[in-house]
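Asks: Starting off with a structure, shown below.
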Amino acid sequence: MAWQSEILLLEGETPLAQGTHRMLFVAPFDPALIIKVYRTSRPAPRNAWKRAKRGLHRVLPSLRERPLLREYAAYLELKRQQVQRQAEPPVANWCGIVATNYGLGVVYERIHLGDAGIGPSVSALWRSGELGAHLPLLDEFARRLFDWNIHANDINAGNVVLGLRNGRHQFVLVDGLGDSHLIPIRTWSRRLNERSLHKRLDKVVAGTTIHWDRLARRFMCDEAQSSAGTVPRRTDTRGETC
Ligand SMILES: Nc1ncnc2c1ncn2[C@@H]1O[C@H](COP(=O)(O)OP(=O)(O)O)[C@@H](O)[C@H]1O
Ligand SMILES: [Mg+2]
186 MAWQSEILLL
196 EGETPLAQGT
206 HRMLFVAPFD
216 PALIIKVYRT
226 SRPAPRNAWK
236 RAKRGLHRVL
246 PSLRERPLLR
256 EYAAYLELKR
266 QQVQRQAEPP
276 VANWCGIVAT
286 NYGLGVVYER
296 IHLGDAGIGP
306 SVSALWRSGE
316 LGAHLPLLDE
326 FARRLFDWNI
336 HANDINAGNV
346 VLGLRNGRHQ
356 FVLVDGLGDS
366 HLIPIRTWSR
376 RLNERSLHKR
386 LDKVVAGTTI
396 HWDRLARRFM
406 CDEAQSSAGT
416 VPRRTDTRGE
426 TC
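Right, here's the structure in full:
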């Protein structure tokens, strides 16, 4: 990777991964970090509102950066909490902004399992049949979301990644931090934020044979329902049944 006038040239580099909106490159100045930039070619959204929004972003590129500001506000709040608590939040660290030939690049901690790549997301683990074996860690992730009162607008199976961090395996939120509401009521009310976290945890395992149990605040295998079909039964063999 080369620099030109302090602009990082990513053209021709192979991304480590890409999501619906952004692609990831390993940071040339520190392999523990990744850089996210908006994808150069993205399929046109089917939804008319999203298509209009994209057109607006072309005319007013600064609008595209608004989610970044919301994300940063939530991140700042998290860091304040971290100073108080002297503990580690379940969210990938933000490490700055760099100018690239693809526009603004946001630098984050690379979540990985001790190799040079990136850790598997919940959706990748589900596809490879390994998610069931990781449910205790997913429970722990959910517990930490509530404990830290994380404000996030997009917790989904692609945005939760398994990593080895400070010697501990854990799931980490890598995208979707911040309150996207015009009036940030979730930021003001812990109760409303908890309601939103429950909905988002439902979404993390949507389309799998696992569900989020709001009362028990744990993930359950659908097969582990009791014969009455209402009371979820916990077993120590979730990994084998999910
Ligand atoms: N900090 C990170 N560490 C490891 N993997 C990541 C990190 N951020 C994103 N990823 C992986 O890259 C994918 C796409 O990144 P994401 O930020 O979710 O892009 P998008 O904005 O398009 O959804 C994620 O689904 C995840 O698998
Ligand atoms: Mg994402």
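My numbering puts the sequence shown at residues 186 to 427. Positions of the beta carbon are idealized from the N, C-alpha and C atoms, including for glycine.
Do you know how far the Cα of Ile-340 is from the Cα of Ala-309?
Replies: Position 124 of the sequence shown holds residue 309. Position 155 of the sequence shown holds residue 340. Each residue's Cα considered, the two are about 15 Å apart.
Asks: Let me check you understand the geometry: is the CB of His-206 closer than 7 Å to at least one non-hydrogen atom of ligand 1?
Replies: Numbered from 1 along the sequence shown, position 21 holds the residue referred to as residue 206. Result yes, Cβ under 7 Å from ligand 1.
Asks: Is it buried or exposed for Gln-355, if we count other Cβ within 10 angstroms and need 16 for buried?
Replies: Position 170 of the sequence shown, counted from the first residue, corresponds to residue 355. Gln-355 comes out buried.
Asks: Have a look at the DSSP bridge pairing and note the partners of Trp-279.
Replies: Numbered from its first residue, the sequence shown carries residue 279 at position 94. Answer is Tyr-293, bridged to Trp-279.
Asks: Output the distance between the C-alpha atoms of Gln-267 and Glu-273, rounded to the nearest integer angstrom.
Replies: As a position in the sequence shown, residue 267 is number 82, starting the count at 1. As a position in the sequence shown, residue 273 is number 88, starting the count at 1. Roughly 7 Å separates the two Cα atoms.
Asks: Quick check: is any heavy atom of ligand 1 less than 7 Å from the C-beta of Gly-184?
Replies: Nothing can be reported for residue 184: it is not among the residues displayed for the chain, which extend from 186 to 427.
Asks: Would you call Gly-361 buried or exposed, if buried means 16 or more other Cβ atoms sit within 10 Å of its Cβ?
Replies: If you number the sequence shown from 1, residue 361 lands on position 176. Buried: at least 16 other Cβ atoms inside 10 Å.
Asks: Here's the rule I'm using: 16 or more other beta-carbon atoms within 10 Å means buried, otherwise exposed. How should Ala-277 be labelled?
Replies: Sequence index remark: in the sequence shown, residue 277 carries index 92 (1-based). Ala-277 is buried by the Cβ-count criterion.
Asks: Can you grab the Cα-Cα spacing for the pair Thr-415 / Val-389, in whole Å?
Replies: For this step, residue 415 is matched to residue 230 along the sequence shown. For this step, residue 389 is matched to residue 204 along the sequence shown. Below a pLDDT of 50, predicted positions are generally treated as unreliable, and Thr-415, at 46, falls in that range; no measurement from the model is reported.
Asks: Taking C-alpha atoms, which residue in Tyr-257, Leu-358 and Ala-301 lies nearest to Val-307?
Replies: The count along the sequence shown starts at 1 and reaches residue 307 at position 122. It is Leu-358.
Asks: Taking DSSP's pairing of strands, which residues face Ser-306 in a bridge?
Replies: Start at 1 with the first residue of the sequence shown, and residue 306 comes out as number 121. DSSP lists Val-346 as partners of Ser-306.
Asks: Report the three-state DSSP secondary structure of Gln-271 (helix, strand or coil).
Replies: Here residue 271 refers to the residue found at position 86 when the sequence shown is read from its first residue. The answer is coil: DSSP assigns Gln-271 none of H, G, I, E or B.
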